[in-house]
Every structure is written in structure tokens, then in C-alpha cells.
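Asks: Residue numbers for the sequence shown follow the numbering used here, beginning at 184 and rising by one.
All C-beta atoms, glycine included, are put in the ideal place defined by N, C-alpha and C.
All values reported here derive from a predicted model rather than from experimental measurement.
Below you will find the structure I want to go over with you.
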Amino acid sequence: MPSLDGAVVLVTGANGGIGTHFVHDALARGAAKVYATARSPRAWDDERIVPLTLDVTDPASVAGAVAAAPDVTALVNNAGATPPSASLLDVTEADIRANMETNFFGPVLLARAFAPILAAKQGSILIDVHSVASWYAFGGAYSASKAALWSATNSLRIELAPKGVHVTGVHMGYVDTPMAAHADGPKMLPTQLVTAVYDAVEAGAYEVLADELTQGVKAALSGPVEALYPDLRGTNA
């Protein structure tokens, strides 16, 4: 089974609420080192944590991270962004493209860049953080980008499995971080999410459905589309 014990982990978006827990919880599970990456990395009070500048939308920055972290055995694609509006019709084309660059192209191209490094080490791990938005289109460009990443994760899982790399996709509803401060309703704590993710990875699971909302939405995908989006029923009169 994959294990964080002795792993060398690289976390994108490490400065955020979820990313911080991915960093600390990896160490709590025995990771030897964690590269804590961000566009503007911060200082960490632990010599096992290596701050590393990384902009996942910049090919030169990605190449620099690969060169700086050739010992990585676990890659956590956690960095993400949301456009200024949930409407695909109201946001600018630039907003849509920027969202796709961060949420889709960034993690996919980072995974491609680190694939040879991961494949060279037995028991390596790739974790892609999606969202319930992968399956439920409440977020416009954000949902579209997460759906695209989910599809890419499925493809990467198939391609990397023969190379010994375990790929886990993560789906969840709102998490109690500044990114979800605008949202009403129940929210997971970041530590609850990260614990669920690492538990699933170390159990050999390929997918994490972190809350009841996500479990329900995935189950509903097998039904008619108007059951998932009941407002559509009122538009067909």
C-alpha cells in the first residue's frame, strides 16, 4: 500500500488552509520532507519543511520546481482558484482562461513534469484535489475546470498505475477556509478533509468522497439530468 512514512512530499498551494494541513499531516505520518510551494512561499518553523516558489501556471516555474525537488515521492495538487463570478456568461474570457490555467492545466502539466521522478521510485503517490463541483455545475468556469481535472486524473491514473504510481482524486463540498467564506451551509474542517485524504491514500483508495453532499451528487449522476438540476423542470413548459 502507498505510505506517507518516509515520503518526500510536494504540496501546491501550501500557504492556504487546506495546504497547510497537507504539509503538517504528512509530517505527522512520518514524511521525511515536505516541499511547501506557493507563488510567495512563507517561512515554516520546521527544518523538514522546504519553502519553494511555484506558480503552477508558469512553465519556467514548474521546470524550476522539478529541478529543485528531484527526490519527490508524493505530489499533492492542491492549488486552486475561483473566477469572480459563477456565471459562464458573465465572466470575461480572460477569467475563464485564467481559471482553467490554475485548476486544469496547472495540475495536469505539473503531474506530467513530475511523472518521471515519481515513476522512478516505488510506491509514489499523486493526489489531485477536485471538488463536488467536478460533478455538479454550480460554479460556472470553476465547475468546468474541476470536471476537466477529474477526467484528466482518471487518465493519469490509468497511465501511471503500470509505472507504480498510485493516483487518488479528492472530491468534497465546502471546506472552512477563506476561499469558502462566502458560502452558507455545512463546511468540513480542513483537518477533517486532509485526514480523510491521507487515510484513503494509505488504504490504497483511488477516490475520496469526503462528505455526504459529494456522495449524494455522485450517486445522482446515474439518474436523469433534471433530477440533479430540478430547476430545469420549470423551463420546459
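(1) Would Val380 and Ile279 qualify as a contact pair, given that the criterion is a beta-carbon distance under 9 Å?
(2) What are the start and end residues of each continuous beta strand (DSSP E) run of 3 or more residues lying completely inside the stretch 197-237, in chain order?
(3) How is Ser326 classed by DSSP in three states: helix, strand or coil?
(4) Please list the terminal residues of the continuous alpha helix (DSSP H) segment that includes Thr397.
(5) According to DSSP, simplified to helix, strand and coil, what is Gly247?
(6) Put Asn282 into one of helix, strand or coil per three-state DSSP.
(7) From this set, Asp254, Asp238 and Pro253, which residue's C-alpha is nearest Ala264's C-alpha?
(8) Measure the CB-CB distance between Leu339 and Val350 and report whether it falls below 9 Å.
(9) In its own chain, which residues sit with a C-beta less than 7 Å from the C-beta of Pro253, not counting the 5 before and 5 after it?
(10) Is it true that the stretch 242-256 meets the stretch 264-276, where meeting means three or more beta-carbon pairs spaced less than 8 Å apart?
(11) Does DSSP classify Asn337 as helix, strand or coil?
(12) Consult DSSP for Ser186 and reduce its assignment to one of helix, strand or coil.
(13) Identify the continuous alpha helix (DSSP H) that holds Leu378 and give its terminal residues.
(14) Of the residues Ala190, Arg225, Ser223 and Tyr357, which one's Cα is nearest the Cα of Ala211?
(15) Give me the Cα-Cα distance between Gly289 and Pro345, rounded to the nearest whole angstrom.
(16) In its own chain, which residues sit with a C-beta less than 8 Å from the C-beta of Arg222, not counting the 5 before and 5 after it?
(17) I'd like to check one pair, Gly323 with Leu271: are the Cβ atoms closer than 9 Å?
Replies: On the basis of the data shown:
(1) The residue you call residue 380 lines up with position 197 of the sequence shown. The residue you call residue 279 lines up with position 96 of the sequence shown. No, the Cβ-Cβ distance between Val380 and Ile279 is not below 9 Å.
(2) 216-221 and 232-236
(3) The residue you call residue 326 lines up with position 143 of the sequence shown. Ser326 falls in the helix class under three-state DSSP.
(4) Along the sequence shown, read from residue 1 onward, the residue named residue 397 stands at position 214. Start and end: Glu395 to Ala403.
(5) Your numbering for residue 247 matches position 64 in the sequence shown. Gly247: helix per DSSP, three-state reduction.
(6) Start at 1 with the first residue of the sequence shown, and residue 282 comes out as number 99. Of the three classes helix, strand and coil, the one that applies to Asn282 here is helix, per DSSP.
(7) As a working mapping, residue 264 is identified with position 81 in the sequence shown. Measuring from the Cα of Ala264, the nearest candidate turns out to be Asp238.
(8) As a position in the sequence shown, residue 339 is number 156, starting the count at 1. As a position in the sequence shown, residue 350 is number 167, starting the count at 1. For Leu339 and Val350, yes; Cβs fall inside 9 Å.
(9) Indexing the sequence shown from 1 puts residue 253 at position 70. Same-chain partners within the cutoff: Ile300.
(10) no
(11) Within the sequence shown, residue 337 is the residue found at index 154, counting from 1. In this structure, Asn337 counts as helix in the three-state DSSP scheme.
(12) For the purposes of this step, residue 186 is taken as the residue at position 3 of the sequence shown. Coil at Ser186, not helix or strand.
(13) In the sequence shown, counting from the first residue as 1, residue 378 sits at position 195. It is Thr, not Leu, that sits at residue 378 in the sequence shown. Segment Pro373 to Glu385, the alpha helix (DSSP H) holding Thr378.
(14) Sequence index remark: in the sequence shown, residue 211 carries index 28 (1-based). The candidate whose alpha carbon is nearest that of Ala211 is Ala190.
(15) The residue given as residue 289 occupies position 106 in the sequence shown. The residue given as residue 345 occupies position 162 in the sequence shown. Distance between the alpha carbons of Gly289 and Pro345: 24 Å.
(16) Position 39 of the sequence shown holds residue 222. Around Arg222: Thr236, Leu237 and Asp238.
(17) Here residue 271 refers to the residue found at position 88 of the sequence shown. Here residue 323 refers to the residue found at position 140 of the sequence shown. Taking 9 Å as the Cβ cut-off, Leu271 and Gly323 qualify as a contacting pair.
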